[in-house]
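Start counting the sequence shown at 36; every next residue gets the next number (our numbering).
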Amino acid sequence: MFTSVLMIEKALTSADVEFVSTLHGDEPVSFQVLLQPRGDQADRLLRAIDDVALGELDEAAREGETPEGDEAKGFGVRALEVSLQALHAAGHDAVGRLVEDHPLDALKALVAEAGADEVIVLTAPHYVEEFFHRDWASRARHKVGVPVLKLFSHSKV
């Protein structure tokens, strides 16, 4: 069975599940899901800049209303549960965990622990981080020792 580590920042949509489910044709895939809840003030600024770059000025203005840090953990737990249920409903083995600190260290450890064949980073576009190659996928490529695929989530939430 092919093992993919799926790194996400919010609940998977049905389109996301279909997207990652069809990447390997009929080959059975097992997913190890890592979910990183929202971060700190620096992350808020980068998200606001991304919103402005996408022309979503209303979203940029509301970045301060989004729970972060410990407040976001409850949302993260629920998003992980929803994502795992969706992957199970699609017929996949899937387990997951929240990332508390240092997402790339957790990713590297999980790849080794699970004997993963690949990493899929499924996020919203983060133009500032991508431009400077500081996004998860760019940094993971130098750290995990397996192929890293970067996909954009179909979620607007």
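The beta-carbon is built from N, C-alpha and C at its ideal position, and this holds for glycine as well.
Check this for me: beta carbons of V146 and V40, under 7 Å apart or not?
Less than 7 Å divides the Cβ of V146 from the Cβ of V40.
Which one of L119, V64, G60 has the shortest CA to CA distance from T48?
Nearest of L119, V64, G60 to T48, Cα basis: L119.
8 Å contact criterion, which Q67 and A151 should meet: CB distance rounded
The pair is a contact, with the Cβ atoms about 6 Å apart (cut-off 8 Å).
Buried versus exposed call for V130 [16 or more other C-beta atoms within 10 Å across all chains shown]:
By the Cβ-count criterion, V130 is exposed, with fewer than 16 other Cβ atoms from all chains shown falling within 10 Å of its own Cβ.
Should L70 and L115 be called a contact, given that it needs their Cβ atoms to be closer than 7 Å?
Against a cut-off of 7 Å, the Cβ pair of L115 and L70 comes out as a contact.
Secondary structure at S56, three-state DSSP: helix, strand or coil?
Note: S56 maps to helix in three-state DSSP.
Hey, how far is the Cα of A95 from the Cα of E153?
Unreliable placement is indicated for A95, whose pLDDT of 47 sits below 50; the coordinate value is still reported in the next sentence. About 33 Å.
Can you tell me where the alpha helix (DSSP H) with D140 in it begins and where it stops?
Here the alpha helix (DSSP H) through D140 covers 138-149.
Ordered along the chain, which non-local residues of its own chain (more than five positions away) have a Cβ less than 6 Å from that of A125?
Sequence-distant Cβ neighbours of A125 in its own chain, meaning closer than 6 Å and more than five residues away, are V52, S56.
When the Cα atoms are used, what is the spatial distance from A46 to R113?
Using only the alpha carbons, I get a separation of about 8 Å.
Taking the alpha carbon of L157 as the point to measure from, which residue in A175, E148, A144 has its own alpha carbon closest?
In terms of Cα proximity to L157, the closest of A175, E148, A144 is A175.
Going by C-alpha distance, which of E62, K185, I43, M36 is nearest R132?
Selected option, being the one with the closest Cα: I43.
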